[in-house]
Amino acid sequence: MNTLTQILRGVLFLILAICGMAMAFVFMVSTAIAIGVLYIVARVKGRPFGVRAYWDERRQPRSRPSAFRKEDVVDVKMREIP
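Residue numbers (this note's numbering): 3 to 84.
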């Protein structure tokens, strides 16, 4: 009975290990596809593709566009009416 339990545990462990390796393989393949797509998009847009270029781009402060244009600003004076 003990040998049968050990064999069943071994088979279950082997099945779980194979499933884990299959999931890791799928994850690696999908990551490779995503990196390939990012590389192609960077080449089409003419930007460099790499960690250093990405980091340098993110570290530069960007000027945020203001929420409104100067033409939209109107100076309004208010008076109290008694």
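The beta carbon of each residue, even a glycine, is placed where N, CA and C say it ideally should be.
Do you know how far the Cα of R60 is from the Cα of G38? Along the sequence shown, read from residue 1 onward, the residue named residue 38 stands at position 36. Along the sequence shown, read from residue 1 onward, the residue named residue 60 stands at position 58. Taken atom to atom, the span from the alpha-carbon of G38 to that of R60 is near 21 Å.
Which residues in the same chain as A44 place their Cβ atom closer than 8 Å to its Cβ, once the five residues preceding and following it in sequence are excluded? On the sequence shown, position 42 is the one that residue 44 refers to. Only residues of its own chain outside the window of five on either side were considered, and among them P50, F51 have a CB closer than 8 Å to the CB of A44, listed in chain order.
On the DSSP letters alone, give me the boundaries of the alpha helix (DSSP H) that D58 sits inside. Walking along the sequence shown from the start, residue 58 turns up at place 56. Residues 53-61.
Rounded to whole angstroms, what is the Cα-Cα separation between V31 and Y41? By 1-based counting over the sequence shown, the position of residue 31 is 29. By 1-based counting over the sequence shown, the position of residue 41 is 39. Rounded to the nearest angstrom, the gap between the Cα atoms of V31 and Y41 is 15 Å.
DSSP three-state call for K164: helix, strand or coil? Residue 164 is absent from the model: the chain starts at 3 and stops at 84.
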